[in-house]
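Each residue of the sequence shown is one higher than the one before, starting from 727 at the first, in the working numbering. Backbone N, C-alpha and C define an ideal beta-carbon position, used for all residues, glycine too. Reviewing the structure listed below.
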Amino acid sequence: MTKKTKIVVATILFFIVSVADIFAVVFQNKTMEIVFKPLLMISLLVVYFFSKKKVNWWLVLGLFFAFLGDVLLLADQSYFVFGVASFLVTHVLYIKIIVGFLEKKSFTRMVLSTVPYMTYFLTIMYVVFDNLKDMLIPVAEYGLVVSIYGAVTFLNYQQEKSKGNLLLFFSAIFFVIADGFIILNIYYEYNKILDFFVILLYITAQYLTVKGLIVREEVNKI
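In structure tokens, the structure reads:
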């Protein structure tokens with residue numbers, strides 16, 4: 727089996743797992759979700775390993791913590807904070823990767839670039855403020871970290887307008903939108919349609935992160 731065939735097969739497997747997990751979430755089939763949710767990041771890692779000769783272990787570690795977050799959020803509510811913390815680590819690792827691409831690191835530009843994302847999160851937090859209670863600080867911290875990820879991917883794309891960097895930028899936008907929907911679903915009013923968009927955006931964002939890094943590194947080799 728050629729490398730290209732392996733990548734195609736692994737990608738198809740990832741999309742099959744993704745569709746199955748989306749189905750499980752939308753139709754609230756817990757058994758299916760327990761089976762397919764942990765396979766999301768595992769199958770995405772397989773795609774990455776088949777696509778790369780030189781592995782970025784920061785990305786692998788980020789996907790591991792995303793896997794951990796997926797698994798922990800499948801458990802009861804007592805593990806919710808640990809699941810959120812795992813995803814927080816994932817985004818910190820993604821930020822580290824992207825910051826490494828930036829040739830000029832300007833704190834002022836970084837802060838200004840977070841404004842659109844933070845405005846989005848602060849608006850949602852204003853809506854759900856009375857229901858956040860003990861989760862106010864964790865949610866605010868998470869929103870800040872994801873906003874920073876959005877900012878660095880934007881600055882990275884501004885620096886070099888390539889396909890890989892554009893995919894990374896879109897991945898951040900999808901993460902931000904999905905996380906806002908999660909906050910609304912948990913702390914404002916549950917909406918089954920939002921469940922669908924959350925899982926769809928989350929899976930797409932993770933895929934675009936991996937694909938963006940693959941494309942970027944392939945182009946930079948040429």
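Assigned secondary structure, residue i (DSSP; H/G/I helix, E/B strand, else coil)
{"i": "Asp-802", "result": "coil"}
{"i": "Gln-754", "result": "coil"}
{"i": "Val-781", "result": "coil"}
{"i": "Phe-808", "result": "helix"}
{"i": "Phe-776", "result": "helix"}
{"i": "Leu-920", "result": "helix"}
{"i": "Arg-942", "result": "helix"}
Residue i Cβ short of 7 Å to the ligand COA heavy atom set
{"i": "Leu-881", "result": "Questions concerning the ligand COA fall outside what the structure shown contains, since it holds no ligand whatsoever."}
Any chain C beta carbon closer than 8 Å to residue i
{"i": "Phe-776", "result": "No chain C appears in the structure shown, which is made up of a single protein chain."}
Proximity to residue i [Cα-Cα], best of the options
{"i": "Asp-856", "options": "Ile-909, Lys-779, Ile-768 and Thr-930", "result": "Ile-909"}
{"i": "Asp-796", "options": "Glu-944, Glu-943 and Val-924", "result": "Val-924"}
{"i": "Thr-834", "options": "Ile-874, Ala-866, Met-861 and Val-743", "result": "Ile-874"}
{"i": "Gln-965", "options": "Ser-769, Val-936, Thr-935 and Lys-830", "result": "Given a span of 727 to 948 for the chain in the structure shown, any question on residue 965 remains unanswerable."}
{"i": "Met-844", "options": "Gly-876, Lys-780 and Val-825", "result": "Gly-876"}
{"i": "Leu-819", "options": "Asp-747, Val-743, Leu-789 and Val-772", "result": "Leu-789"}
{"i": "Leu-815", "options": "Glu-867, Lys-780, Phe-847 and Tyr-774", "result": "Looking at the sequence shown, residue 815 is not Leu but Val. Comparing Cα positions, the closest option is Glu-867."}
{"i": "His-817", "options": "Phe-806, Ser-839, Pro-842 and Val-786", "result": "Val-786"}
{"i": "Ile-912", "options": "Leu-892, Tyr-928 and Met-851", "result": "Met-851"}
{"i": "Phe-808", "options": "Val-751, Ile-919 and Met-861", "result": "Met-861"}
{"i": "Phe-749", "options": "Glu-944, Thr-930, Phe-922 and Thr-935", "result": "Phe-922"}
{"i": "Gln-754", "options": "Tyr-928, Val-734, Glu-944 and Ile-919", "result": "Ile-919"}
Residue i classed as buried or exposed, judged by whether at least 16 other C-beta atoms fall within 10 angstroms
{"i": "Thr-879", "result": "buried"}
{"i": "Tyr-916", "result": "exposed"}
{"i": "Ala-801", "result": "exposed"}
{"i": "Thr-731", "result": "exposed"}
{"i": "Met-767", "result": "buried"}
{"i": "Gly-826", "result": "exposed"}
{"i": "Phe-847", "result": "buried"}
{"i": "Ile-760", "result": "exposed"}
{"i": "Lys-763", "result": "buried"}
Rounded distance between the beta-carbons of residue j and residue i, thought under 8 Å
{"i": "Gly-938", "j": "Leu-894", "result": "4 Å"}
{"i": "Lys-822", "j": "Phe-776", "result": "With 8 Å as the limit, Lys-822 and Phe-776 do not qualify as a contact, their Cβ atoms being about 24 Å apart."}
{"i": "Ser-897", "j": "Arg-942", "result": "With 8 Å as the limit, Ser-897 and Arg-942 do not qualify as a contact, their Cβ atoms being about 12 Å apart."}
{"i": "Val-902", "j": "Val-854", "result": "Actually they are not in contact, since the Cβ atoms of Val-902 and Val-854 sit about 16 Å apart, beyond 8 Å."}
{"i": "Leu-828", "j": "Leu-881", "result": "6 Å"}
{"i": "Leu-798", "j": "Gln-932", "result": "The Cβ separation is near 16 Å, so there is no contact."}
{"i": "Val-773", "j": "Ala-736", "result": "4 Å"}
Inset, instruction - Note down, one range per segment and in chain order, each alpha helix (DSSP H) of at least 4 residues found wholly within the segment 830 to 918. - result: Secondary structure within the segment 830 to 918: the alpha helix (DSSP H) runs of 4 or more consecutive residues, fully enclosed, are 833 to 858, 862 to 885 and 889 to 913 (chain order).
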